[in-house]
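Report on the following structure.
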Amino acid sequence: MSAETSVPRPRESDVDISDSALFKGMLSEAEFAFAFFDADGRVQRVNDVFSDVVGVPAERMAGRQPVEVLAADLSQIITHAVQAVIEGDAPVTEGRVRVRSAEGDTRQWSLSFSPVHDDAGELRAIALIGLDVTESRQTEEALRRSEERYRSLVEAQSQLVWITSPTGAVVEDAPQWRAITGQGLEEYLANGWLDVVHPDEVQQTEEAWREALRGRTMFEWNYRVRTRASGYRHFEVRAVPIIRHGRVVEWVGANTDVTPQREAEEMRGRLTDQLGAAALRTARLQGATAILAEALTVEQVVQVIIDVGRTALAADRSAVALLDTDRAALKLINGEGVPEASGPSGEEIPLSSSSVMTMAVNSRRPVFAESPESLRAQLLEAGGDEEVLGNYLANSDERAWVGLPLLAAGRALGALRFSFTRPQKISQEDGVFLEALAGQCALAVERATLFEREHRTAETLQRSLLPDRLPVVKGLVLAQRFRSGSRHVQVGGDWYDAFVLQDGRVAAVVGDVMGKGVKAAAGMGRIRNAMRALALTNPPPAAVLTGLDRVFEATEEEEQVTTLAYMVVEPVTGEGTLAMAGHPPPVLVSPQGTAILCDAEPGTPLGWPTSRRQFRFVVPPGHTAVLYSDGLVENRKRGLDAGLAEICSVVTEAPPEVVSSPHMLLDFLVDRMLSGYEQDDDVTALAIHVPPATKSD
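For the sequence shown, position 556 matches number 556 in the UniProt record's numbering, and the numbering has no gaps at all.
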């Protein structure tokens with residue numbers, strides 16, 4: 001018996017895996033991209049797929065660093081990944097890399113980097129394997145968009161979705177429903193939805209629901225629901241049984257708030273009854289609505305109301321007051337007070353006093369006084385002071401009055417007061433017209449109030465996100481100008497920034513997030529903060545813009561358009577680099593007052609698939625570079641090309657003392673470029689001036 005106990009060696013194939021021809025053939029037939037890098041990060045070997053993807057012949061890449069032959073964004077990804085493998089001696093995966101082919105389309109690749117060791121365990125090379133995942137990414141994106149469309153559709157239709165068990169018992173929370181009704185979770189789960197149905201409708205609603213459960217048929221109904229504010233709103237409900245294998249497994253329903261439609265139907269009904277006699281008033285109402293629709297601020301709305309009172313109603317005096325719920329008073333927006341009120345007349349009218357406006361607000365109904373006698377009777381019944389009222393009527397030329405509450409969804413916003421110096425007969429048609437007018441005025445006031453609130457919030461947010469001051473750097477002078485658009489236009493997303501990098505160079509940027517209001521200002525803040533972080537980590541402009549593309553894709557909406565111009569400049573010498581993302585070109589102003597537009601490639605806005613490039617941009621001593629937003633050169637009457645030509649012409653007209661001072665130069669450019677035009681956009685400008693060399697230097 002043999003003493004040999006070793007395991008027999010397996011049969012070896014006739015194929016020599018070390019055969020270079022075999023290896024080369026395998027790579028040429030592979031559908032994946034393959035590349036070898038040595039321990040210094042240089043390209044050693046690539047297959048045809050990799051060469052086709054990057055658009056560079058294999059022989060041109062051999063022995064060279066990726067940054068020398070590949071596009072900036074791709075070379076940066078590969079260089080960082082190879083370095084990470086070398087430092088960590090572990091595989092690295094880049095799961096989402098965009099590569100633009102020679103045909104112009106963009107493909108997405110997943111890149112895996114693995115260390116390759118020799119027999120002694122020493123790192124000899126790094127292998128890259130890339131797989132085209134474009135189709136799978138597109139499938140994922142289509143699914144995500146489908147889900148977003150469904151969610152947006154439900155939200156846009158103001159639907160409250162709910163689910164019950166097969167027996168109709170509530171088993172899942174419906175936060176949107178509870179937010180409207182003010183119910184707690186336990187209350188809602190304990191059949192609480194019926195508890196908030198209007199008492200006149202709860203029995204019929206419950207019977208209809210039970211009938212649908214028994215018959216396993218669609219449940220369609222409408223009822224009024226008590227809200228958190230103790231008012232009632234109209235809802236339509238539709239629920240369907242989910243049946244599997246012949247059995248109901250659950251019920252899915254959706255409630256839709258149709259209160260605005262009901263209120264509109266009621267309003268249309270009242271108007272329809274009076275169409276014959278109120279044709280002229282309807283036309284006047286439409287005219288007033290059109291004018292109110294253009295009013296943005298409360299001040300503008302008040303002025304429109306006064307004009308409508310004078311033209312459509314022939315009123316001699318008009319007053320508008322808004323409700324201050326905290327103080328239980330009406331705050332007069334215009335006029336000289338409400339003289340019929342008990343107590344002193346002024347800008348504030350307590351709701352406890354008796355006047356045409358307070359009666360309208362307290363009763364939520366119009367007040368019509370066609371004569372002094374009618375006014376006296378109504379105010380005395382409401383608790384007015386007879387002596388004050390008698391003194392007012394004896395000394396006033398007013399002889400008829402109208403008080404209208406401003407109501408939005410049943411909530412009081414304020415009141416209107418119209419008075420006439422002659423007795424006025426208020427017909428039924430007049431009453432319908434006045435109620436409709438008050439409804440349109442209430443909507444305009446509510447819209448204007450929200451607009452002003454958003455405008456203040458956006459302006460505060462935007463200014464808080466802009467730098468308090470520019471850095472002071474020896475050998476460089478920085479200046480900025482920011483001029484907001486018309487005060488009735490929402491704040492936009494223009495921004496500027498300048499800061500010192502770790503190596504002493506200065507980064508300067510001007511950007512523009514398209515759009516208005518809080519959304520644009522918030523987007524500006526995200527991009528500005530991301531840009532600072534990227535610049536302080538890896539300052540080259542092309543690298544920063546590449547990083548911003550990724551940030552933009554992850555955080556911003558697809559339809560959002562954001563542009564910027566970013567440069568890094570060396571103090572004293574003015575040597576610098578520049579990269580642009582769809583932004584107007586900088587202007588270089590010489591000490592002699594000539595202007596040259598930078599002819600670098602403008603690039604595409606952030607988030608658009610592209611290979612970011614940077615260019616040498618020098619600001620010689622004595623020169624000034626000006627970065628700016630499109631609001632400086634473009635408006636409704638002047639196109640971009642004309643604006644760029646005009647800014648160069650304006651520079652040549654600047655006096656020598658203006659050209660040598662970046663602060664004076666910016667004032668000069670902004671004033672001259674906006675002269676004769678209505679400013680309809682924010683204007684942002686940032687000047688980088690390199691002082692001329694002196695003997696002491």
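Ideal Cβ placement from N, Cα and C applies to all residues, glycine included.
Supposed close pair valine 99, valine 92 - CB separation, criterion 8 Å: Rounded to the nearest angstrom, the Cβ distance from valine 99 to valine 92 is 18 Å, too far for a contact under 8 Å.
Using only alpha-carbon positions, find the residue among Gly55, Arg262, Ala554 that is nearest to serine 75. Out of Gly55, Arg262, Ala554, Gly55 has the C-alpha closest to the C-alpha of serine 75.
Three-state secondary structure (DSSP) at serine 322? First, the residue type needs correcting, since residue 322 is leucine and not serine in the sequence shown. It is a strand residue.
Buried versus exposed call for threonine 217 [16 or more other C-beta atoms within 10 Å across all chains shown]: Taking every protein chain shown into account, the CB of threonine 217 has fewer than 16 other CB atoms within 10 angstroms, so this residue is exposed.
Does DSSP put serine 345 in a helix, in a strand, or in coil? Only weak support exists for where serine 345 lies, its pLDDT of 47 falling under 50; the value from the coordinates is given anyway. Correct three-state label for serine 345: coil.
On the criterion of 16 or more Cβ atoms from any shown chain inside 10 Å, does leucine 380 qualify as buried, or is it exposed? With fewer than 16 neighbouring CB atoms inside 10 Å of its own CB, leucine 380 falls in the exposed class.
If you measure between the beta carbons of glutamine 108 and threonine 134, is that distance less than 7 Å? For glutamine 108 and threonine 134, yes; Cβs fall inside 7 Å.
Does the separation of the CB atoms of glycine 403 and alanine 321 fall below 7 Å? Not a contact, by the Cβ cut-off of 7 Å.
In whole angstroms, what is the alpha-carbon distance linking histidine 623 and alanine 565? Cα to Cα, the separation comes out at about 18 Å.
Nearest-angstrom Cα separation, counted from proline 692 out to proline 571: Computed Cα separation, rounded: 11 Å.
How should aspartate 397 be labelled, buried or exposed, when 16 other C-beta atoms within 10 angstroms of its C-beta is the threshold for buried? Result: exposed.
If you draw a straight line from the C-alpha of glutamate 250 to the C-alpha of proline 541, how long is it? One alpha carbon belongs to glutamate 250, the other to proline 541, and they sit about 57 Å apart.
Would the region 385 to 393 and the region 420 to 438 be scored as touching if the rule is three or more Cβ pairs under 8 Å? Not touching, per the Cβ criterion.
Between the C-alpha atoms of proline 166 and arginine 210, what's the straight-line distance to the nearest angstrom? Looking at the two C-alpha atoms, the distance is approximately 11 Å.
Candidates Phe499, Ala127, Leu644, Arg463, of which the one nearest alanine 479 by Cα: Nearest C-alpha to alanine 479 among Phe499, Ala127, Leu644, Arg463: Phe499.
Nearest to alanine 62 by alpha carbon, out of Asp40, Ala72, Ala81? Comparing Cα-Cα distances from alanine 62 to each of Asp40, Ala72, Ala81, the minimum goes to Asp40.
Check whether the Cβ atoms of valine 473 and valine 506 lie closer than 7 Å to each other. Taking 7 Å as the Cβ cut-off, valine 473 and valine 506 qualify as a contacting pair.
Quick one: give me the first and last residue of the beta strand (DSSP E) that proline 115 is part of. In the DSSP assignment, proline 115 falls within the beta strand (DSSP E) that extends over 106 to 117.
Ordered along the chain, which non-local residues of its own chain (more than five positions away) have a Cβ less than 7 Å from that of glutamine 65? Contacts found: Gly41, Arg42.
Checking 7 Å against the spacing of the C-beta atoms, do phenylalanine 617 and glycine 576 come in under that value? The Cβ atoms of phenylalanine 617 and glycine 576 lie closer than 7 Å to each other.
Anyone know if the C-beta pair for leucine 111 and glutamate 94 falls short of 7 Å? Yes.
State the Cα-Cα distance for the pair proline 655 and serine 661, rounded to the nearest angstrom. Distance between the alpha carbons of proline 655 and serine 661: 10 Å.
Report yes if the C-beta distance between threonine 684 and tyrosine 496 is below 7 Å; otherwise report no. Cβ atoms of threonine 684 and tyrosine 496: closer than 7 Å.
How would you write the range of the beta strand (DSSP E) that threonine 594 sits in, first residue to last? Looking at the DSSP string, threonine 594 is not in any beta strand (DSSP E), and its letter there is neither H nor E.
For the alpha helix (DSSP H) containing tyrosine 392, list its first residue and its last residue. Taken as a continuous stretch (DSSP letters only), the alpha helix (DSSP H) holding tyrosine 392 covers 386 to 395.
Could you pull the DSSP bridge partners for methionine 567 from this structure? According to DSSP, methionine 567 bridges with Ala508, Leu578.
Tell me the rounded alpha-carbon separation between glycine 504 and alanine 535. Taking the straight line from one Cα to the other gives about 13 Å.
Arginine 213 and glycine 168: beta carbons closer than 7 Å? Correcting the residue type first, residue 213 is leucine in the shown sequence and not arginine. In contact: leucine 213 and glycine 168 (Cβ atoms closer than 7 Å).
Report all residues from its chain with a CB closer than 8 Å to the CB of methionine 359; omit the five preceding and five following residues, and keep chain order. Around methionine 359, the same chain offers Val367, Gln378, Leu379, Ala382, Gly403 as residues with beta carbons nearer than 8 Å, after the five sequence neighbours per side are excluded.
Can you name the start and end residues of the beta strand (DSSP E) that glutamine 44 belongs to? DSSP places glutamine 44 inside the beta strand (DSSP E), whose first and last residues are 43 to 46.
What did DSSP end up calling aspartate 681 once you bin it into helix, strand or coil? Coil at aspartate 681, not helix or strand.
Looking at the secondary structure, which residues open and close the beta strand (DSSP E) in which isoleucine 163 lies? Bounds of the beta strand (DSSP E) holding isoleucine 163 are 159 to 164.
Using 7 Å as the threshold, is the C-beta distance between threonine 555 and proline 605 below it? Their beta carbons are not under 7 Å apart, which means threonine 555 does not touch proline 605 by this criterion.
Can you have a look at glycine 410 and say buried or exposed, based on whether 16 or more other CB atoms are within 10 angstroms of its CB? Under this definition glycine 410 is an exposed residue.
Quick check on the burial criterion: 16 or more other C-beta atoms within 10 angstroms. Buried or exposed for arginine 453? Classification of arginine 453: exposed, given that the 10 Å Cβ count is below 16.
Taking all protein chains shown into account, do 16 or more other C-beta atoms lie within 10 angstroms of the C-beta of glutamate 634, making it buried, or fewer, making it exposed? That one is buried.
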